[in-house]
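Here is the structure we will look at, set down as structure tokens.
Residue numbers (full-length UniProt numbering): 1 to 109.
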């Protein structure tokens with residue numbers, strides 16, 4: 001069926017160029033010999049810092065402690081907001097209030 005397609009669509013189905021040939025390596029990576037043998041870290045131990053001079057590790061807060069801290073901070077922040085709103089609240093000078101609140105009729109369905 002593809003033989004009946006126009007040339008611009010046939011170009012979409014054309015095969016890719018072949019993979020270029022690369023000559024094989026002399027030795028496989030696991031067959032290579034290293035000039036210097038592997039050695040330990042004993043000669044470098046003196047370069048390390050003394051563990052007695054290091055500061056004590058800091059303790060990170062756990063998930064429960066973090067949740068409790070955030071909850072306390074949220075409660076304190078909300079209490080401060082309520083206190084400031086109470087200081088600013090004056091029902092007698094409210095421009096949106098009109099009439100007597102006890103004469104309000106509430107109709108519900």
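The beta carbon of each residue, even a glycine, is placed where N, CA and C say it ideally should be.
- Taken through DSSP and simplified to helix, strand or coil, residue 35 comes out as coil.
- Under the DSSP assignment, residue 77 falls in the alpha helix (DSSP H) whose first and last residues are 63-88.
- Under the three-state reduction of DSSP, residue 27 is assigned to coil, being neither helix nor strand.
- Leaving aside the five residues that flank residue 90 on each side, none in its chain has a CB nearer than 7 Å to its CB.
- Residue 31 and residue 16 have their C-alpha atoms spaced approximately 35 Å apart.
- Taking the Cα of residue 11 as reference, the smallest distance to any Cα among 94, 18 and 2 is reached at 2.
- When only Cα atoms are considered, residue 80 and residue 86 end up about 10 Å apart.
- In the three-state DSSP reduction, residue 98 falls in the coil class, being neither helix nor strand.
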